[in-house]
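Contents: one structure, followed by commentary.
Number of protein chains: 2
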Amino acid sequence: MSNITIIAERINMTRKKMRERIWERDIDFVVNEVKKQEHMGATHIDINAGGDPSKEVEDMIWLTELVSKATELPISFDSANPDALKAGLEICNRPGTIINSITGEKSRIENTLPLVIEYNTHAIALTMDDNGMPPDLDARIRVVDNLVVLMKENNISLDRIHMDTLVQPVSSNPEQVAYTIAGIKYIHENYPEMHTMVGLSNVSYGVPRRIHMNRAFFVLLIQAGLDGAIIDNTADGMLGAMLATLAMLGKDEYCMDYISAARTEKI
Amino acid sequence: MSNITIIAERINMTRKKMRERIWERDIDFVVNEVKKQEHMGATHIDINAGGDPSKEVEDMIWLTELVSKATELPISFDSANPDALKAGLEICNRPGTIINSITGEKSRIENTLPLVIEYNTHAIALTMDDNGMPPDLDARIRVVDNLVVLMKENNISLDRIHMDTLVQPVSSNPEQVAYTIAGIKYIHENYPEMHTMVGLSNVSYGVPRRIHMNRAFFVLLIQAGLDGAIIDNTADGMLGAMLATLAMLGKDEYCMDYISAARTEKI
Chain A
1 MSNITIIAER INMTRKKMRE RIWERDIDFV VNEVKKQEHM GATHIDINAG GDPSKEVEDM
61 IWLTELVSKA TELPISFDSA NPDALKAGLE ICNRPGTIIN SITGEKSRIE NTLPLVIEYN
121 THAIALTMDD NGMPPDLDAR IRVVDNLVVL MKENNISLDR IHMDTLVQPV SSNPEQVAYT
181 IAGIKYIHEN YPEMHTMVGL SNVSYGVPRR IHMNRAFFVL LIQAGLDGAI IDNTADGMLG
241 AMLATLAMLG KDEYCMDYIS AARTEKI
Chain B
268 MSNITIIAER INMTRKKMRE RIWERDIDFV VNEVKKQEHM GATHIDINAG GDPSKEVEDM
328 IWLTELVSKA TELPISFDSA NPDALKAGLE ICNRPGTIIN SITGEKSRIE NTLPLVIEYN
388 THAIALTMDD NGMPPDLDAR IRVVDNLVVL MKENNISLDR IHMDTLVQPV SSNPEQVAYT
448 IAGIKYIHEN YPEMHTMVGL SNVSYGVPRR IHMNRAFFVL LIQAGLDGAI IDNTADGMLG
508 AMLATLAMLG KDEYCMDYIS AARTEKI
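Here the protein sequences come in this chain order: A and B.
Be aware that the first sequence starts at 1, since it is given in my numbering, and climbs by one per residue.
Be aware that the second sequence starts at 268, since it is given in my numbering, and climbs by one per residue.
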């Protein structure tokens, strides 16, 4: 309904409740999560099967088979384990499939980049490298530039890359929000064919009533030009915040998408 | 709790339900509205007694007596009728009292400006004049400049003026949001002592589920530097949107105001 890529993040086995239901092999529960996220505008269903490293591959297989039957949306495979990624990709590799994620870390490049190439997928790239999370804007930009060089060396077109300029909790790092926003603008100005992406809920880590901050951050990021987010798109008002912002930026003529979402009870 | 002036707009007799309860002289109902708005961070209680022109003065008197007993906040007197304004001001004229509103229209200047001077109040100034609502940014700026000259001629210091650059419904005028935002920036750059103010809910006129748009607009306006709003501050998530945005702009150290508002169930 818009040009924003929405990676729906709920099927994530690092969350206790989700992990328990998936280990119970509760098919209805998982299918319901997929349907709900799709109804609320997801463009991709993220699967994180990392509940227990020793079971990640089998859980990824079970989830990918189930999710790919429940929806026609492409999947975002969320793992640092190349065996789990490969297991998922062998089952379902629709156009638009995403590997979540690569970074500038040597080990991650060695383990994950070959799969992006072999399976011809999109990838979320995090602006971190073996020096860790960049402390400021300049350091983030250096990581972005280095990752772009890496992609070009491997003939990966930049429109397959969704660069996540990362964000740290605002409660301890208020200046980080400005770096994230400036990072998004830098990318769209310097690499217009590349996409931007933010896993935005980290901004509200450590404060109560996180939804207010997640929603407001989404508005600020979209205004800065963000064209993708990893979010719980079923959370109260997240989709409404996105559609409202797009309408006010003149990207939804006569508020058609906004009004249609209201009529179908998405917002 | 912040530097944003919040004019709480619920006591407004142009709304049918409110008008009926006030004509019934339902004291508990009105007092409850005052308390609710104060709890949710109002800095001013707006009173609009314009239910019936022939009763406006007596309704303004009844409301002002009641509201001024229920709270120690200053009142924002919302009327184009100088007799109603004067009646209210005679009862309650606390520091910070606002006349809502003056404009660049000749009749409004003649009727209302003398009261701003006589009672030494603040005033909300709307960027419209006898030519109507300015169609674009340049026309708005001309009205702002003219109003500033008028204030200076009358020895009204600009820190008593809250300039509302107005907004039209985004469903029919998507470009107007950009004018409103640019107007706010223009004012803060050119007249740093003057305040800005937006009666923001007009942005969502004509669309369903207006709350999403009102909240997102509030975020965009605060980022642009807005330091006051006429809002229903009890509406779902409005205060949360404001506090979240201030925290992310680095204007709420360690999210103290945000966390405190959550603990006291304001957000």
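Backbone N, C-alpha and C fix where the C-beta goes; we use that ideal spot for every residue, glycine too.
Q. What is the residue span of the beta strand (DSSP E) that residue 367 (chain B) lies within?
A. 365-371
Q: Can you pull the chain A residues whose beta carbon is under 9 Å from the beta carbon of residue 492 (chain B), in chain order?
A: Going along chain A, no residue has its Cβ under 9 Å from residue 492 (chain B), so there is no contact; the nearest lies around 14 Å.
Q | Sequence-distant residues of its chain with Cβ nearer than 7 Å to residue 451 (chain B) (five each side left out) | A | Same-chain partners within the cutoff: 432, 463, 488, 491, 492 and 493.
(Q) Using 8 Å as the cut-off, can you tell me whether the region 240-259 of chain A makes contact with the region 277-286 of chain B, which would need three or more C-beta pairs spanning the two stretches below that distance? (A) no
Q. Which bits of chain A does residue 487 (chain B) rub up against, with CB to CB less than 7 Å?
A. Per Cβ cutoff of 7 Å: 219, 223 and 248.
Q.
Quick check on DSSP: helix, strand or coil for residue 70 (chain A)?
A. Here DSSP, grouped into helix, strand and coil, assigns residue 70 (chain A) to helix.
(Q) Looking at chain B, is there any beta carbon in it that lies within less than 9 Å of the beta carbon of residue 115 (chain A)? (A) no
Q) From which residue to which residue does the beta strand (DSSP E) around residue 468 (chain B) run? A) That residue, residue 468 (chain B), is in no beta strand (DSSP E); it is neither H nor E in DSSP.
Q) Which parts of the region 462-524 of chain B are runs of the alpha helix (DSSP H), unbroken and 4 residues or longer, counting only runs that do not cross its ends? A) Within the region 462-524 of chain B, the complete alpha helix (DSSP H) runs of at least 4 residues are 477-491 and 505-515.
Q.
Shorter than 8 Å, the distance from the beta carbon of residue 217 (chain A) to the closest heavy atom of the ligand COA, or not?
A. The ligand COA is absent from the structure shown, which contains no ligand whatsoever.
Q: Decide yes or no for the touch test of the region 13-27 of chain A against the region 211-218 of chain A: beta carbon pairs closer than 8 Å, at least 3 of them.
A: no
Q: Determine which residues of the region 426-446 of chain B have a Cβ less than 8 Å from any Cβ of chain A, and write them out in chain order.
A: 437, 438, 439, 441, 442, 444 and 445
Q | Interface residues of the region 228-252 of chain A facing chain B [CB-CB below 9 Å] | A | Within the region 228-252 of chain A, 236, 237, 239, 240, 241, 242, 243, 244, 245, 247, 248, 249, 250, 251 and 252 place their CB atoms closer than 9 Å to a CB of chain B, listed in sequence order.
(Q) As a quick exercise: from A:33, A:155, A:143 and A:228, pick the residue whose alpha carbon is nearest that of residue 43 (chain A). (A) Looking at the Cα atoms, A:228 is the closest of the given residues.
(Q) Counting only beta-carbon separations shorter than 9 Å, does residue 209 (chain A) have a partner in chain B? (A) yes
Q. How would you list, in chain order, the residues of chain B whose beta-carbon sits under 8 Å from the beta-carbon of residue 191 (chain A)?
A. Result: empty, since nearest Cβ-Cβ is about 25 Å, beyond 8 Å.
(Q) For residue 479 (chain B), would you say it is in contact with chain A, using Cβ-to-Cβ distances shorter than 9 Å as the test? (A) yes
Q | Buried versus exposed call for residue 33 (chain A) [16 or more other C-beta atoms within 10 Å across all chains shown] | A | Of the other Cβ atoms in all chains shown, 16 or more fall within 10 Å of the Cβ of residue 33 (chain A); this residue is therefore buried.
Q. Residue 407 (chain B) versus chain A: which residues are under 8 Å apart at the beta carbon?
A. Chain A residues near residue 407 (chain B): none, gap ~17 Å exceeds 8 Å.
Q: Name the one or two DSSP bridge partners that residue 398 (chain B) has.
A: Answer is none; residue 398 (chain B) lacks a bridge partner.
**Q.** Three-state secondary structure assigned by DSSP to residue 272 (chain B)
**A.** strand
Q | Inter-residue spacing [alpha-carbon to alpha-carbon] between residue 526 (chain B) and residue 62 (chain A) | A | 41 Å
Q. In chain B, what lies closer than 7 Å to residue 182 (chain A) by C-beta?
A. Ordered by position in chain B, no residue passes the 7 Å Cβ test against residue 182 (chain A), which lies about 13 Å from the chain.
Q: Report the three-state DSSP secondary structure of residue 76 (chain A) (helix, strand or coil).
A: strand
Q | Close beta carbons around residue 204 (chain A), own chain, < 6 Å, minus the five adjacent residues each side | A | Sequence-distant Cβ neighbours of residue 204 (chain A) in its own chain, meaning closer than 6 Å and more than five residues away, are 210, 213 and 214.
(Q) If I follow the unbroken alpha helix (DSSP H) through residue 156 (chain A), where does it start and stop? (A) Unbroken run through residue 156 (chain A): none, as it is neither H nor E.
(Q) Suppose you measure from the CA of residue 342 (chain B) to the CA of residue 443 (chain B); what does that come to, to the nearest Å? (A) So the alpha carbons of these two residues sit roughly 30 Å apart.
Q.
Looking at the secondary structure, which residues open and close the beta strand (DSSP E) in which residue 164 (chain A) lies?
A. 161-164
**Q.** With 16 other Cβ atoms within 10 Å as the buried cut-off, status of residue 314 (chain B)
**A.** The residue is buried, with at least 16 neighbouring Cβ atoms inside 10 Å.
Q | Under 7 Å from the C-beta of residue 254 (chain A): neighbouring residues of chain B | A | 438
Q. With a CB to CB cut of under 6 Å and the five nearest residues on each side skipped, what residues in its chain are close to residue 531 (chain B)?
A. none
Q: Determine the burial state of residue 136 (chain A): buried for a count of at least 16 other Cβ atoms within 10 Å of its Cβ, exposed for fewer.
A: exposed
Q: Output yes if chain B places a C-beta closer than 9 Å to the C-beta of residue 215 (chain A); else output no.
A: Judged by the 9 Å Cβ criterion, residue 215 (chain A) is in contact with chain B.
(Q) Does residue 391 (chain B) come out as helix, strand or coil in the three-state DSSP assignment? (A) strand
Q: Could you tell me whether the Cβ of residue 286 (chain B) comes closer than 9 Å to any Cβ of chain A?
A: Not a single C-beta of chain A is nearer than 9 Å to the C-beta of residue 286 (chain B).
(Q) Relative to the C-alpha of residue 52 (chain A), which candidate in A:64, A:200 and A:84 has its C-alpha closest? (A) A:84
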